[in-house]
Amino acid sequence: MYNEDKGSDTMLKKAYIVPHPPIILPEVGKGQERSIQNTVNAYRMIAHDIAATKPQTIIIFSSHAPCYRDYIQISQGAQAYGNFEAFGVEDSDMKVLYDEDFVDMLCNAAAAQGLPAGTLGEQNQTLDHGTMVPLHFILQEYTDFRLVRISVSGLDRNTQVLFGDCLRRVIDESQRNVAVIASGDLSHKLKEDGPYGLHPLGAVFDEQIVSIIKDNDYARLLDMDEEIVEESANCGYPAFLMLYGVLQAYPIDSQFLSYEGPFGVGYATAIISVMKKDPYVALARESLEVYIRSQTVLPVRSTLPKELLQRRGGVFVSLKKFGELRGCIGTIAPVQENLAQEIISNAISAGTRDPRFLPVEEKELPYLEYSVDVLKEAEQIESLEELDVKRYGVIVSDEHRRGLLLPDLEGVNTPLQQIRIALNKAGMDPEEPFMLERFEVVRHHENRM
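Residues are numbered in the numbering used here as their position in the sequence shown, beginning at 1, plus a constant of 26.
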């Protein structure tokens, strides 16, 4: 069900993708809104879902708030007003309160990170229709929230993702239940009689965005062809990039609701639920991020799950970036007081001390995927027949050297491959005698987009 509690353990509860056509209001559409009835129904579903989620703060990315090429503007002030009089609708006034404390936190965090974002520039207390169309539906169902309005920008893709990641950290620190809305239309070039005419790449852009939503794979936003993005004349892409920055650290479930474009503009809707984090992976991520950003080691919190505080074991932390290995460091046997300290130490080492790679830079953090393998006790074996590459890792050793390979690795298909790779890692001659052991792991990984 669309309003099912997915059990989020973060302050970000839900995210949404919506369009903002004023024609969706009956007073504006005067019957034409029935041509986008699926979008109307989806908006009602989203408003009901927000009411069920009860966010204290709603953040809206809007392409019609005051926008700058090189700056992400965050609206400031105590409140803002708006109406649809520009579209011929009288008695349509709405008022919302801004979350001033959250805005202050976000501006401070962006400044500390050196991001071009804040409350500088023209401040218009009048709400734009990119903000008001979502609010029109939300306020019919739910009013107990404060708003944060953020404009889109012409900044490069990476900077917009980094801002979203900065926003994600502020959300988690805010101690508020938060919902994020990316308000943006897709291509405006779907029909000859549309607002910008017809361009074949308009439909291509929309197809790719819909596929990304359906596949729960928002990282693909970064790989979209620049020509397709530009020629589509969309207004949602920058909002989607910032949304990806917010979501990239969470396991999510993306529910595609609708897509329509009868007026020559693409309208897509979706509900994105934030799932529970794996505490092992969350600790690894937080450990490396804190270390990279502040050069300090994350302290062990007493609120961590008991098994992390009371158990000991060997741990490997692996990092991937865009599907490619970015670092992997671990311990065959425990060297720390508990699993939590083992994960913290090895996560930092995987990101900064793997000799195969340069240390991870702060700008890479939003794109890293983490996995944590907790090793079970190894047992000595005598032959290849006792190995299974999916189930068992291998350890090879002699009097002076030791090499390990984890189980179920991409590209490793046979026990013989496992052993050869482990021997090579240890710098051992395969013709010389060695001891062979196998072990199992409990693998914790991110179920991300």
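The beta carbon of each residue, even a glycine, is placed where N, CA and C say it ideally should be.
Asked                                                                                                                : Found
Local Cβ density within 10 Å of residue 461, reported as buried at 16 or more and exposed below that                 : exposed
Cβ-based burial, residue 177 [other Cβ within 10 Å; buried from 16]                                                  : buried
Range of the contiguous beta strand (DSSP E) that encloses residue 354                                               : 350-356
Cβ separation of residue 290 and residue 221, assumed to be a contact under 8 Å, to the nearest whole Å              : 6 Å
Under the three-state DSSP convention, the category residue 71 falls into                                            : helix
For residue 434, the nearest candidate out of 205, 423 and 418 (CA to CA)                                            : 418
Rounded separation between residue 28 and residue 57 - CA only                                                       : Any reading at residue 28 must be qualified, since the residue scores a pLDDT of 29, below 50, and its modelled position is unreliable; the value itself is stated next. One C-alpha to the other measures close to 27 Å.
Contact set for residue 95: own chain, Cβ-Cβ below 6 Å, skip 5 residues either direction                             : 180
Cross-strand partners of residue 41 (DSSP beta bridge)                                                               : 206 and 298
Residue 153 to residue 308 span [Cα, whole Å]                                                                        : 37 Å
Alpha helix (DSSP H) runs wholly inside the region 149-229, at least 4 long, in chain order                          : 155-167 and 183-200
heavy atom of the ligand ATP below 7 Å from residue 433 C-beta                                                       : What this structure holds is no ligand at all, so the ligand ATP is not there to describe.
DSSP state of residue 454 mapped onto helix, strand, coil                                                            : coil
Status (buried if at least 16 other CB within 10 Å, exposed otherwise) for residue 359                               : exposed
Three-state class that DSSP yields for residue 419 in the structure shown                                            : strand
For residue 291, the residue or residues it bridges with in DSSP                                                     : In the DSSP output, where bridge partners are listed per residue, residue 291 has none listed.
Own chain residues within Cβ distance below 7 Å of residue 453, not counting five before or after                    : 427
Spatial neighbours of residue 4 in its chain, beta-carbon cut-off 6 Å, leaving aside the 5 residues before and after : Past the edges of the chain, shown from 27 to 475, lies residue 4, and the structure says nothing about it.
Beta-carbon proximity check, residue 184 vs residue 40, cutoff 8 Å                                                   : no
Residues near residue 370 by beta carbon distance below 6 Å, same chain, minus five either side                      : 313 and 324
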